[in-house]
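Working notes, structure below.
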Amino acid sequence: MLKKKKIYIPMSLVIAVILFCILFFSGKIHYGESILKYQDADAYSLFSNRELKINPSDEIQQQLLLDEGVLNSFAIKYHLENFEEGTIFSISLNDTETGETIQNWEENGAEIEATGYREYYITNEKINSEKEVYLKISSNKVTKALWCSEGDSLKGANFEINGERQDGDIILKLFQKKYVTSTIGFSIVVCLVFGLFCSYLLLFFKWKKVRNIICLILQYVKYNNKKIFFDMVGIFFIGIIGIVIEKKLSASNILEYNTIGAFNEYRYAFIVVALLCIFIFIRKREWLKKKPERIFSTIMLLIGMLYVIAIPAEAELSWDEGIHYWKAVGVSHGLCGATNAADDWIYWHSGTGYTLPNTIDTLRIIQNNMQAQYNANNIVSANTDILTQMNGVSYVPSAIGLVIGRKIGLSYALTFQLGAAMNMLLYIVLIYFAMKKLKSGKMILAVASTLVTAFFLAAVYSTDSWITGFVFLGSAYFIGNMQSKEKIIQKDLYVMSISYTLAFMAKAIYFPLFGLYLLIPKEKFESEKQCERFKITIIDLIFTFLLEMVLSFKWFIPIFIIGWLGIYVITKIIKRLSGKQRIILAIVMSGIVLISLIGGIIFVLPKLVGAGDLRGGTDVNSGKQVKFIINNPVQYTKILFMYLTGNYLAFQGALQVIFNTFGYMGQATLHIVAFVMLWIVAMTDKNKNDMWRRYNIVKLSSILICSIIIVLMATALYVSFTPVGSGVINGCQPRYLIPLILIFFSLIGSNKIENKIPQIVYNGMVISGVSVILMVSIWQVVIRMYA
Numbered sequence: 033m034l035k036k037k038k039i040y041i042p043m044s045l046v047i048a049v050i051l052f053c054i055l056f057f058s059g060k061i062h063y064g065e066s067i068l069k070y071q072d073a074d075a076y077s078l079f080s081n082r083e084l085k086i087n088p089s090d091e092i093q094q095q096l097l098l099d100e101g102v103l104n105s106f107a108i109k110y111h112l113e114n115f116e117e118g119t120i121f122s123i124s125l126n127d128t129e130t131g132e133t134i135q136n137w138e139e140n141g142a143e144i145e146a147t148g149y150r151e152y153y154i155t156n157e158k159i160n161s162e163k164e165v166y167l168k169i170s171s172n173k174v175t176k177a178l179w180c181s182e183g184d185s186l187k188g189a190n191f192e193i194n195g196e197r198q199d200g201d202i203i204l205k206l207f208q209k210k211y212v213t214s215t216i217g218f219s220i221v222v223c224l225v226f227g228l229f230c231s232y233l234l235l236f237f238k239w240k241k242v243r244n245i246i247c248l249i250l251q252y253v254k255y256n257n258k259k260i261f262f263d264m265v266g267i268f269f270i271g272i273i274g275i276v277i278e279k280k281l282s283a284s285n286i287l288e289y290n291t292i293g294a295f296n297e298y299r300y301a302f303i304v305v306a307l308l309c310i311f312i313f314i315r316k317r318e319w320l321k322k323k324p325e326r327i328f329s330t331i332m333l334l335i336g337m338l339y340v341i342a343i344p345a346e347a348e349l350s351w352d353e354g355i356h357y358w359k360a361v362g363v364s365h366g367l368c369g370a371t372n373a374a375d376d377w378i379y380w381h382s383g384t385g386y387t388l389p390n391t392i393d394t395l396r397i398i399q400n401n402m403q404a405q406y407n408a409n410n411i412v413s414a415n416t417d418i419l420t421q422m423n424g425v426s427y428v429p430s431a432i433g434l435v436i437g438r439k440i441g442l443s444y445a446l447t448f449q450l451g452a453a454m455n456m457l458l459y460i461v462l463i464y465f466a467m468k469k470l471k472s473g474k475m476i477l478a479v480a481s482t483l484v485t486a487f488f489l490a491a492v493y494s495t496d497s498w499i500t501g502f503v504f505l506g507s508a509y510f511i512g513n514m515q516s517k518e519k520i521i522q523k524d525l526y527v528m529s530i531s532y533t534l535a536f537m538a539k540a541i542y543f544p545l546f547g548l549y550l551l552i553p554k555e556k557f558e559s560e561k562q563c564e565r566f567k568i569t570i571i572d573l574i575f576t577f578l579l580e581m582v583l584s585f586k587w588f589i590p591i592f593i594i595g596w597l598g599i600y601v602i603t604k605i606i607k608r609l610s611g612k613q614r615i616i617l618a619i620v621m622s623g624i625v626l627i628s629l630i631g632g633i634i635f636v637l638p639k640l641v642g643a644g645d646l647r648g649g650t651d652v653n654s655g656k657q658v659k660f661i662i663n664n665p666v667q668y669t670k671i672l673f674m675y676l677t678g679n680y681l682a683f684q685g686a687l688q689v690i691f692n693t694f695g696y697m698g699q700a701t702l703h704i705v706a707f708v709m710l711w712i713v714a715m716t717d718k719n720k721n722d723m724w725r726r727y728n729i730v731k732l733s734s735i736l737i738c739s740i741i742i743v744l745m746a747t748a749l750y751v752s753f754t755p756v757g758s759g760v761i762n763g764c765q766p767r768y769l770i771p772l773i774l775i776f777f778s779l780i781g782s783n784k785i786e787n788k789i790p791q792i793v794y795n796g797m798v799i800s801g802v803s804v805i806l807m808v809s810i811w812q813v814v815i816r817m818y819a
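Here the sequence shown stands for residues 33 to 819, numbered as in my numbering.
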C-alpha cells in the first residue's frame, strides 16, 4: 500500500501529460485571439423597443462601454421597412476625452442583412477599456430607420440627442477581440483530474468490491424475483392507469386549461409520478423506520425529474437563469471556447419567450425554431471568462449534462433539460448522504431541502442547489458527528471541509459557517495532531475566503498555502509561550488585525469595489456607498435593522418567497403549511442523540453566525446594488437564506425533547407531507397551465 501511495501522484501526472498532449496536438484545445460579443441591446428590444425619429439637424450620441478586450466591431440594427431610398446615415466613432474622430462610415442600406443588422469594423486604431468612446450618428433626411430600446440596455451607457439625455439606447451589438488562454488552464485541470481518477482506479480501487456488489444484486434478484415481478407489474399498470386518467381528463372540460381531445404528456407525467410515489410508500414502508433517506431520496428523485421535465426548456424562468445557463455552456465548451449560436441566442434574448398558461403546440413550435437554429451549426465564441472564476466549479454538473446530451445526439430542448437534470441529481444525492449521516434531525433536513423554491432552483440553471446541497452536507456531517459518541474519522473531516469549500466557491459570503467547525471539542478527534491541523485548515479557509471576496480567484491557492504555513508557525510559537506572553501576543495581534481591518475598510475597500452592479440603477456606486456607511454608521444600522425585521426576515414580507415561489413563473398556495411544518419538525424531530456536549453553545453560535451572514449579505447588496444613501436595500433575495435553514432549525429546538411517536409514523407523515406540497405546487404553477 505504501509503495502504491508513492507512485500515485507520478502516475497521475504521466496520464495527465499524455492526455493533454493528445488533446493539444489533435486540435481539441483552442486558444489565441477570439471575437466575443459582450453587449447585445437587441436582447431587450424584443420586449421593449421603439422607432427613433431622426431629423437632418439631429445629432445622436451613443456611448460605448468597453470590456477587457479590444473593440473589434459594432453592429447597428436598422428598421428595413422604414429605410427609404436615398437615406444616408453618417456614423463616426469618437474619442470622448479629445472629441477627435477615430473612424467614419456611411450607410445607404445596401449591405444591411435581412435581420436588420450591419456590422462596422474598427481598423484605424486599437481601442481598449482605457479609452472612452462614443458613436455619433446623423441622417441626411427625416427617417425612422433606427431602432431604440425603451430602457437601459447597455448597462449604463449614455444615449443623447442634441446633447439631451434620452431613455434607452440604440439597438446594437458590440464585439471585442480577446486573447484567450483560459482554455489551456481548464484543459490542464481536466487532465489532472482525469489522471488522478485513472490512477486511483488502477492502484486503490477494489474491483473485488464491484464483483461482490454485482453478486449481491444477482442474489437479491434470484431470491426476490417474485417481489421484483410484482413491482414491475405494478409500475406497468400505473402507466396504463395514467393513460386512462389522462384520456378522461383531456376529453372533459373540468380543467381551466385544456385542449379537448389532445393527450397532455405533462399531466400524464404528473399522474404517473403521483401514483408511483404512493406505490413506493406502500411497497417500501419498512424503510421509513431505519432508512428513511432511501424512501425520501427515491421519491424526491421521481418528483425532481417531474420538475425538470415539466418546466419548459427556457433560460429565464428563474433569477439570472440566462446568465447561469451561459456560464454552464462556457464550462461545457471549456476546451475549445466556442459554442453553437443557438446557445448565444438563448442567453442574449433572455430565453425563448415561452410563458404559461400556453398550449403545448406553441411550445413545440418554439422548440422546433430553436432546433433549426441549432442545426444550422453556426459557431460563436463561448463564455471563457467563467473558466478563470472561482464559481465556475458550480456549473460542472450542468456542463456534464450538456456534454452528454450533445454527444448522444439529443434534441436541443432535451439537452437543455439534461443539463438541469444533473443539478437535480447532484442535489438529491447530496441530501441523501447528508440525511444518512444524521442520527437525529433527518426530517428537519427533509423539510428544509424540499422547500418549494429550493427544489425549483435544483430543477433549473442556478448555483443555488450546488450551494445548498454542499452546505447541507457539511452541516449534516458536523451535526451527525457531534451526535455520535465515537471520535471523528479523517474521512468525515475531509467531507466537512471540502463540502463547505465547494459551496463557498460559488458564493463566498457564507464563509463564517466555517466557524462552527472550530467548536468541535478536542476529545472528538483521534489525536491532538489531527485536531490541530484540522483547525488550522479551517482558520486558514476563513482567512482565504475573506480575502477572496475582494481578490481574484487566481490568488486562492497561494493565499491558502501561505496562510496555512503562517498559522502553523504561529501555533507552534504560541505553544512555547507562557500564559502572560500569550495574553500580550493576543492583545497585540488583535490590535494589528483591528487596525488593518479598519484601515482596509476606510482606505482600500472603496477603491476595490468599483462602480457596482448597474442593474441596480445608474445611481449605484459601490465606492461612494462604502463611504456613506463609514460616515453614517448609526443611520445605516437603522436602515439595516428596519429592512431585516420589517421585510427580509418577516414571513408576511419577503421570507414567504422561499416557501412558494417558482422564480418568475408564479407562486403556489401552500407556503403557510410548509412554514408551519418546518417549525413543528424543528421542535419535534429530537431523540436521545441530541444530548451531546456543547449543544447549547453550538446553538447560540449558529444563531450568531447566521446573523452575521445575513448582515453581510444585506450589506453587500446595499453596497453593490443599491443607490447611494438609499433608505432601503435592493437585490437581497430571500433564497439566499436557504443554505442557513438546516443548521438554524436543527439546533433551534430543545435537546431535552424526545419524540415518542413511532418513527415509521412520524417519518411517513413528514415525507408524505413534503411530497404533497411539492406535487400540489408544481400542479398549481406549471402542470395545469399546459393546454
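Backbone N, C-alpha and C define an ideal beta-carbon position, used for all residues, glycine too.
Give me the Cα-Cα distance between residue i and residue j, rounded to the nearest whole angstrom.
i: SER214; j: TRP711; result: 47 Å
i: ALA535; j: ILE292; result: 47 Å
i: ASN795; j: CYS309; result: 15 Å
i: THR747; j: LEU551; result: 27 Å
i: ILE780; j: ALA714; result: 7 Å
i: GLN699; j: TYR339; result: 15 Å
i: ALA48; j: SER430; result: 24 Å
i: GLU196; j: LEU206; result: 23 Å
i: PHE448; j: TYR406; result: 12 Å
i: PHE465; j: GLY506; result: 10 Å
i: ILE327; j: TYR509; result: 20 Å
i: LEU419; j: THR371; result: 14 Å
Examine the ligand NAD and report whether any of its heavy atoms sits within less than 6 Å of the Cβ of residue i.
i: SER443; result: Judged by which ligands are present, the structure shown has none, so any question about the ligand NAD falls away.
Starting from residue i, trace the beta strand (DSSP E) both ways and give me its first and last residue.
i: GLY64; result: 64-72
i: TYR386; result: Here TYR386 belongs to no beta strand (DSSP E), and DSSP marks it neither H nor E.
i: ILE86; result: 81-86
i: GLU518; result: No beta strand (DSSP E) contains GLU518, which DSSP labels as neither H nor E.
i: ASP127; result: 121-127
i: TRP179; result: 175-181
i: ALA107; result: 102-109
Using the three-state DSSP reduction, which class does residue i fall into: helix, strand or coil?
i: ASP352; result: coil
i: ARG726; result: coil
i: GLY360; result: Correcting the residue type first, residue 360 is Ala in the shown sequence and not Gly. In the structure shown, ALA360 sits in a helix (DSSP, three-state: H, G or I).
i: SER803; result: helix
i: PHE577; result: helix
i: SER209; result: Ser is not the amino acid found at residue 209; the sequence shown has Lys there. If DSSP states are grouped into helix, strand and coil, LYS209 belongs with the strands.
i: LEU167; result: strand
i: VAL412; result: strand
i: ILE735; result: helix
Considering only residues of the same chain and omitting the five flanking positions on each side of residue i, which have a CB-CB separation below 6 Å?
i: ILE463; result: SER481
i: ILE499; result: ALA535, ALA538, LYS539 and PRO771
i: GLU353; result: ALA347, VAL492 and TYR493
i: VAL804; result: none
i: LEU388; result: MET817
i: MET43; result: SER231
Going along the chain, which residues of its own chain have a beta-carbon closer than 7 Å to the beta-carbon of residue i, five neighbours each way excluded?
i: VAL802; result: ALA478, VAL479 and THR482
i: ILE815; result: TYR298, ARG299, PHE302 and ALA342
i: ILE220; result: PHE52
Provide the residue span of the alpha helix (DSSP H) that contains residue i, from first to last.
i: ILE773; result: 770-780
i: ASN692; result: 689-692
i: ILE662; result: 654-663
Does chain C have any CB closer than 7 Å to the CB of residue i?
i: PHE328; result: Absent from the structure: chain C. Only one protein chain is present.
If I measure Cβ to Cβ from residue i and keep anything under 8 Å in the same chain, skipping five residues before and after, which residues do I get?
i: LEU640; result: For LEU640, the predicted structure reports a pLDDT of 48, less than 50, and the residue's modelled location is therefore unreliable. A value from the coordinates is still provided. VAL582.
i: LEU201; result: Looking at the sequence itself, residue 201 is Asp, so the reference to Leu does not match. Answer for ASP201: ALA73, GLN94, CYS180, SER181, ASP184, SER185, LEU186, ALA189 and PHE191, listed in chain order.
Across the segment 557-574 and the segment 727-743, are there enough close Cβ pairs to call them in contact, namely three or more that are closer than 8 Å?
no
On the three-pair Cβ rule with 8 Å, is the segment 95-103 touching the segment 162-170?
yes
Validate contact between the segment 370-381 and the segment 222-235 using beta carbons, cut 8 Å, 3 pairs:
no
State whether the segment 384-403 contacts the segment 458-477, with contact taken as three or more CB pairs (one from each stretch) at a distance under 8 Å.
no
Spell out a yes or no on whether the segment 120-132 and the segment 234-246 are touching, meaning 3 or more CB-CB pairs, one atom from each, closer than 8 Å.
no
Measuring CB atoms only, is the segment 423-443 touching the segment 362-369, in the sense that at least three cross pairs come out at less than 8 Å?
yes
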